[in-house]
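Here is the structure we will look at.
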Amino acid sequence: MFEKIALVGIGLIGSSLARVIRREGLARHVAISTRSAATLARAEELGLGDSYTTDARETVRDADLVIISVPVGSSGAVAEEIAPALKPGAILTDVGSTKASVIAQMQPYVPEGVHFIPGHPLAGTEKSGPDAGFADLFDNRWCIFTPLPDTDPDALERLSEFWRRCGANIDTMDPQHHDMTLAIVSHLPHIIAYNIVGTADDL
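Going by my numbering, the sequence shown opens with residue 62, and the numbers climb by one from there.
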């Protein structure tokens, strides 16, 4: 599906992507980058990719699809670092849980001709690191895209098909609606628990 996919960050999400990409044959070459030399060495021991480096800029060079799987607060710094090496026509996406802040951080650094499509797979476990990933993580989970107004529809469909082949269902939202919806959903257990306690007190 892609000649080269670059994974920047190889924690739970990144390592799960590496595994499902391998299983489904979604790329000829998977390039992996992370800042931690120890984490990178472990990813190589697990055979998660084809090339490994702590240099994110080198990882994304000539990649058709670049997936940023780092903490939301680091997204801008990563985008700034890799921008000079992104090739025209490449798709750049992320897996961050908030979208408006990621867009604000990353968009200023996205070169002309690179398709930036923010994304958020609603999948995860309590575990982290390259050992935590598994190829079925995204099965029947939702991946939400928050495309920008000028997003190329062909690039969006290509990325959507990638995630479908990873097992995910696809939806699109505007960034603010995504963040509001996810904030409400994430607080629901607390709201329910609070109301249960309140009801019990009234009995």
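Note that beta-carbon positions come from the ideal geometry of N, C-alpha and C, so glycine has one too.
So for residue 214, helix, strand or coil by DSSP?
Looking up residue 214 in the sequence shown gives position 153. Helix, per DSSP.
What does a CB cutoff of less than 7 Å around residue 196 pick up in its chain, not counting 5 residues either side in sequence?
The residue labelled residue 196 in the question sits at position 135 within the sequence shown. Counting only Cβ-Cβ distances below 7 Å, and skipping sequence neighbours, we find 77, 80, 81 and 84.
In the DSSP assignment, the beta strand (DSSP E) including residue 69 goes from what residue to what residue?
Stepping through the sequence shown from its first residue, residue 69 is reached at position 8. 63 to 69 is the span of the beta strand (DSSP E), which, as asked, contains residue 69.
Rounded to the nearest angstrom, what separates residue 231 and residue 109 at their Cα positions?
Position 170 of the sequence shown, counted from the first residue, corresponds to residue 231. Position 48 of the sequence shown, counted from the first residue, corresponds to residue 109. Rounded to whole angstroms, residue 231 to residue 109 spans 25 Å at the Cα level.
Does DSSP put residue 244 in a helix, a strand or coil?
Residue numbering aside, residue 244 sits at position 183 when the sequence shown is read from its first letter. Three-state DSSP puts residue 244 in a helix.
Just to confirm my understanding: we take residue 146, look at its own chain, exclude 5 residues before and 5 after, and list those with CB closer than 6 Å. What are they?
Here residue 146 corresponds to residue number 85 of the sequence shown, with the count starting at 1. Correct list, in chain order: 118, 121 and 122.
Can you check the stretch 126 to 169 for any alpha helix (DSSP H) of at least 4 residues that lies completely inside it and give the ranges in chain order?
Taking only runs of at least 4 residues, the alpha helix (DSSP H) segments lying wholly in the stretch 126 to 169 are 136 to 143 and 161 to 167.
When the distance is taken between beta carbons, is residue 208 closer than 7 Å to residue 164?
Along the sequence shown, one-based indexing puts residue 164 at 103. Along the sequence shown, one-based indexing puts residue 208 at 147. Contact: no.
Please classify residue 167 as buried or exposed, where buried requires at least 16 other C-beta atoms within 10 Å of its C-beta.
Counted from its first residue, the sequence shown places residue 167 at position 106. So residue 167 counts as buried.
With distances taken Cα to Cα, identify the nearest neighbour of residue 95 among 75, 111 and 106.
If you number the sequence shown from 1, residue 95 lands on position 34. Per the Cα distances, 75.
Rounded to whole angstroms, what's the CA-CA distance from residue 217 to residue 178? Just pull it up for me.
As a first step, residue 217 must be located in the sequence shown, where it is residue number 156. As a first step, residue 178 must be located in the sequence shown, where it is residue number 117. About 7 Å.
If you follow the beta strand (DSSP E) that residue 92 is part of, which residue opens it and which one closes it?
Mapped onto the sequence shown, residue 92 falls at position 31. That run of the beta strand (DSSP E) goes 88 to 94.
If I follow the unbroken alpha helix (DSSP H) through residue 120, where does it start and stop?
Here residue 120 is taken as the residue at index 59 of the sequence shown, counted from 1. Unbroken alpha helix (DSSP H) run through residue 120: 117 to 121.
In the DSSP assignment, what residue or residues form a beta bridge with residue 204?
Residue 204 sits at position 143 when you count from the first residue of the sequence shown. BP columns for residue 204 point to 182 and 231.
Taking just the CA atoms, how far does residue 99 sit from residue 154?
Working through the sequence shown from its first residue, we reach residue 154 at position 93. Working through the sequence shown from its first residue, we reach residue 99 at position 38. Approximately 25 Å, taken between the alpha carbons.
What does DSSP give as the partner residue(s) for residue 114 in the beta ladder?
Mapped onto the sequence shown, residue 114 falls at position 53. According to DSSP, residue 114 bridges with 94.
Let me know if residue 188 comes out buried or exposed under the rule of 16 or more other beta-carbons within 10 Å of its beta-carbon.
Position 127 of the sequence shown, counting from 1, holds the residue named residue 188. Answer is exposed; the Cβ neighbour count stays below 16.
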